[in-house]
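Contents: one structure, followed by commentary.
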Amino acid sequence: MIGVRNTAAETASLVAARLDRLPLSRTLWRLIFLISLGGAFEFYDLFLSPYVAPGLVASGMFANTTDRLFAINGVGFFVFSLFAGMFVGCIGFGSIADRLGRRAIFVTALLWYSVCTAIMAFQHTAAGVDAWRFIANIGVGLEQVTIDTFLPELVPPKERGKAFAFCQVVQFAVVPVVALLGWLLVPRHPLGLEGWRWVTLIGAVGALFSWWMRRGLPESPRWLALHGRHAEAERVMAALESRIESETGKALPPPGRLAPARGGKSRFADIFRPPCRKRTLTMSVFNLMQTIGFYGFGAWVPTLLIAKGIHVTTSLEYAFIIAIANPVGPLLGMWVADRVERKWQLACSGVAIGGFMFLFANQASPVLVIVYGVMVTLSNNWMSFTLHNYQGEIFPTRVRGRAVGFVYGWSRASAAFAGLLIGFFLRAGGATGVAMFIGGAMLVMTATISLFGPRTRHLALEEIAH
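Under this note's numbering, residues -6 to 459 are what the sequence shown spells out, in order.
As structure tokens, this is what we get:
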């Protein structure tokens, strides 16, 4: 039995070495794009909240602020339902990607989201909308965990940062789309149907189209080899190598040597044993804090603008202008993602988010409101693509899905309650109160990653794991 295990580990090590020497050719870029499409609908639904919230309030089902923290008809609870669903998807089902493979999630998660979101669009009570949003986002949470699990297993070490930045260019590209749809549709009733319902249905149809495009995605060769499915791993690798050699017109270099990866079942206790324990705790705290900055701003932009005295229609217009910056952040990030150690990128982005958020909250000039709103957005983008890369590469392949699901799940839990708390701080202290809350979270986040985060730049996954 020991000999069999050693053979499996050595085969997995060879497959990993073969993957790590692949150039980022058209074939790999195509796979990265297809993987990224699924995450685009996490971002669509995440940023759906601020742009449909005015329509939900106008419908009479919801209110901007409520006297009770957990009032079902509050916009804060609408945001809470989103992140509560993602939390269940991450924490409860993240290990499925380790047991059944990465591709199994890609096949089912978007279908789940599409069907449940379409049902949500036709609800006529706050409770119905909240319930179906919660159910729909169980699938979305699982989808993003699997993307963070699969991409580092596919892309060579020196290009991982660039691949994750590109992934988020694709994902953030839907933010201006949902902002534009919110601006154009939410104040209106096309064909007698409320605008917020149209925005929701468009997301459901788009997710179905993306699912159709991704049907041909292969399974992760690293995962296949580590689970003893050597023939399947060889077929996927041979196909990749053949296509890439055809595209580049030259033979691939010989693979290097990597330390054998540990095989076996993925167990929950493993993420609290060395070398994972410190990383699990560090990234859990980091994720608890980072979401307060990211979604505390992104999910509340129109509402924060309204709190500053800007009319609802104008606030949606300003929010759309700010949202245009979203895909620009990771696009610019492609040039620096692999040049600076990732833990320091995360620390710097946290400082920038806190500083620009304070300036945004204390401006009266429309131009400066937009300028600082864009800077907060770009800083959040920088943190986001670096975070998803970092948390995916610091855990061993055997437990990557479970570990990423666990640590990322805390960001969903944090965001669920942050939405409620931001509603409270907005009521108590206006936009400045929200800025102080976000700034405190960024301080804790920056200190945690600076003190305890491991270095990962240009290292193979197997080196990081050991």
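Note that CB positions come from ideal geometry on N, CA and C, so glycine has one too.
Below 8 Å on the Cβ atoms is my contact criterion, and I expect Asp331 with Arg450 to pass it. Report the Cβ-Cβ distance as a whole number of Å. Against the sequence shown, residue 331 aligns to sequence position 338. Against the sequence shown, residue 450 aligns to sequence position 457. Yes, they are in contact, since the Cβ atoms of Asp331 and Arg450 sit about 7 Å apart, within 8 Å.
For the alpha helix (DSSP H) that contains Asp141, what are its first and last residues? Stepping through the sequence shown from its first residue, residue 141 is reached at position 148. Where Asp141 is concerned, the enclosing alpha helix (DSSP H) stretches over Ala119 to Leu147.
Do Tyr37 and Gly196 have their C-beta atoms within less than 8 Å of each other? Sequence index remark: in the sequence shown, residue 37 carries index 44 (1-based). Sequence index remark: in the sequence shown, residue 196 carries index 203 (1-based). Judged by beta-carbon spacing, Gly196 lies within the 8 Å limit of Tyr37, meaning their Cβ atoms are closer than that value.
Determine the direct distance from the alpha carbon of Pro389 to that of Leu7, and round the result to whole angstroms. Reading the sequence shown from its first residue, position 14 is the one you call residue 7. Reading the sequence shown from its first residue, position 396 is the one you call residue 389. Those two C-alpha atoms are separated by around 16 Å.
Through-space distance from Arg207 to Leu27, alpha-carbon basis: Taking the first residue of the sequence shown as position 1, residue 27 is located at position 34. Taking the first residue of the sequence shown as position 1, residue 207 is located at position 214. About 6 Å.
Roughly how many whole angstroms lie between the Cα atoms of Lys151 and Ala51? Here residue 151 refers to the residue found at position 158 of the sequence shown. Here residue 51 refers to the residue found at position 58 of the sequence shown. C-alpha separation (whole angstroms): 50 Å.
Terminal residues of the continuous alpha helix (DSSP H) containing Ser107? If you number the sequence shown from 1, residue 107 lands on position 114. From DSSP, the alpha helix (DSSP H) with Ser107 extends over Arg95 to Met113.
Does the Cβ-Cβ distance between Pro447 and Ile387 come in under 8 Å? By 1-based counting over the sequence shown, the position of residue 447 is 454. By 1-based counting over the sequence shown, the position of residue 387 is 394. Result yes, Cβ atoms of Pro447 and Ile387 sit closer than 8 Å.
Can you look up Phe56 in the DSSP assignment and give me helix, strand or coil? For the purposes of this step, residue 56 is identified with residue 63 of the sequence shown, where counting begins at 1. In the sequence under discussion, the amino acid at residue 56 is Ala, which differs from the Phe named in the question. Ala56: strand per DSSP, three-state reduction.
Okay, do the stretch 123 to 140 and the stretch 66 to 82 touch, 3+ Cβ pairs below 8 Å being the bar? yes
Considering only DSSP beta bridges, list what Pro67 is partnered with. For the purposes of this step, residue 67 is identified with residue 74 of the sequence shown, where counting begins at 1. The displayed chain sequence assigns Gly, not Pro, to residue 67. Note: Gly67 sits in a beta bridge opposite Ala56.
Compute the distance between the beta-carbons of Ser377 and Thr284, then report whether it is under 8 Å. Taking the first residue of the sequence shown as position 1, residue 377 is located at position 384. Taking the first residue of the sequence shown as position 1, residue 284 is located at position 291. Not closer than 8 Å, so no.
What are the boundary residues of the alpha helix (DSSP H) that includes Cys269? Mapped onto the sequence shown, residue 269 falls at position 276. From DSSP, the alpha helix (DSSP H) with Cys269 extends over Cys269 to Gly291.
Alpha-carbon spacing of Phe445 relative to Gln338, whole angstroms: Position 452 of the sequence shown holds residue 445. Position 345 of the sequence shown holds residue 338. For Phe445 and Gln338, the distance between alpha carbons rounds to 14 Å.
Hey, is the stretch 276 to 290 in contact with the stretch 391 to 407, meaning 3+ C-beta pairs nearer than 8 Å? yes
Nearest to Val100 by CA position, among Met79, Val68, Ala111 and Ile140, is which residue? Here residue 100 refers to the residue found at position 107 when the sequence shown is read from its first residue. If we check each option's Cα against that of Val100, Ile140 comes out closest.
From Arg61, Pro169, Thr425 and Ala428, pick the residue whose C-alpha is nearest to that of Ile317; which is it? On the sequence shown, residue 317 is found 324 positions in, with the first residue counted as 1. Taking only the C-alpha atoms, the option nearest Ile317 is Pro169.
Taking Phe349 as the reference, which of Met429, Phe143, Ala172 and Ile112 has the closest Cα? Mapped onto the sequence shown, residue 349 falls at position 356. Closest option to Phe349, Cα to Cα, is Met429.
State the start and end residues of the unbroken alpha helix (DSSP H) segment that holds Gly347. Stepping through the sequence shown from its first residue, residue 347 is reached at position 354. Arg335 to Ala354 is the span of the alpha helix (DSSP H), which, as asked, contains Gly347.
Please decide whether Glu240 counts as near chain C, where near means a Cβ-Cβ distance under 8 Å. Chain labels in this structure do not include chain C; a single protein chain is all it has.
I need the DSSP call for Arg181, collapsed to helix, strand or coil. Taking the first residue of the sequence shown as 1, we reach residue 181 at position 188. Residue state, collapsed to three classes: coil.
At the level of alpha carbons, what is the spacing between His182 and Val45? As a working note, residue 182 is residue 189 in the sequence shown. As a working note, residue 45 is residue 52 in the sequence shown. Our two residues, His182 and Val45, have alpha carbons roughly 13 Å apart in a direct line.
Which residue marks the beginning of the alpha helix (DSSP H) containing Phe472, and which one marks its end? One cannot answer for residue 472 here, as it falls past the ends of the chain, which runs -6 to 459.
Just checking my contact of Val179 with Ala33 at CB under 8 Å: how many whole Å lie between their CB atoms? In the sequence shown, the residue the question calls residue 179 occupies position 186. In the sequence shown, the residue the question calls residue 33 occupies position 40. The Cβ separation is near 20 Å, so there is no contact.
Is it the case that the Cβ atoms of Ser107 and Arg395 are separated by a distance below 8 Å? For the purposes of this step, residue 107 is taken as residue 114 along the sequence shown, with counting starting at 1. For the purposes of this step, residue 395 is taken as residue 402 along the sequence shown, with counting starting at 1. In this structure, Ser107 sits away from Arg395, with a CB-CB distance that is not shorter than 8 Å.
Selected residue, minimal CA-CA separation from Met368, among Leu352, Asn382, Gly48 and Ile442: One-based indexing of the sequence shown puts residue 368 at position 375. Cα-wise, what sits closest to Met368 is Leu352.
Just mark Ala262 as buried or exposed, buried being the case when its beta carbon has 16 or more other beta carbons within 10 Å. Locating residue 262 in the sequence shown gives position 269, where the first residue counts as 1. Ala262 counts as exposed, since fewer than 16 other beta carbons sit within 10 angstroms of its beta carbon.
What is the rounded straight-line gap between the Cα of Leu15 and the Cα of Glu35? Sequence index remark: in the sequence shown, residue 15 carries index 22 (1-based). Sequence index remark: in the sequence shown, residue 35 carries index 42 (1-based). Computed Cα separation, rounded: 29 Å.
In angstroms with no decimal places, state the Cα-to-Cα distance between Glu146 and Arg272. Counting from one through the sequence shown, the residue named residue 146 turns up at place 153. Counting from one through the sequence shown, the residue named residue 272 turns up at place 279. Glu146 and Arg272: Cα-Cα distance of roughly 18 Å.
Beta strand (DSSP E) segments (min. 3 residues) lying fully within the stretch 159 to 218: none
If Thr193 sits next to Ala114, beta carbons under 8 Å apart, how far is it from one beta carbon to the other, in whole angstroms? Residue mapping note: residue 193 aligns to position 200 of the sequence shown, counting from 1. Residue mapping note: residue 114 aligns to position 121 of the sequence shown, counting from 1. With 8 Å as the limit, Thr193 and Ala114 qualify as a contact, their Cβ atoms being about 4 Å apart.
What whole-angstrom Cβ distance do Arg391 and Thr142 have, given they're in contact under 8 Å? Taking the sequence shown and counting its residues from 1, one reaches residue 391 at position 398. Taking the sequence shown and counting its residues from 1, one reaches residue 142 at position 149. Under the criterion of beta carbons closer than 8 Å, Arg391 and Thr142 do not qualify as touching, at roughly 11 Å.
How should His117 be labelled, buried or exposed, when 16 other C-beta atoms within 10 angstroms of its C-beta is the threshold for buried? To locate residue 117, count along the sequence shown from 1; it is residue 124. Burial call: exposed.
Which residues in the same chain have their Cβ closer than 6 Å to the Cβ of Ala218, if we skip the five residues on either side of it in sequence? The sequence position of residue 218 within the sequence shown is 225, counting from 1. Contacts found: Thr4, Ala5, Val8 and Ala226.
Using alpha carbons as the reference points, say which of Ile363, Arg95, Gly69 and Cys109 lies closest to Leu201. Here residue 201 refers to the residue found at position 208 of the sequence shown. Residue Cys109 is the option with its Cα nearest to Leu201.
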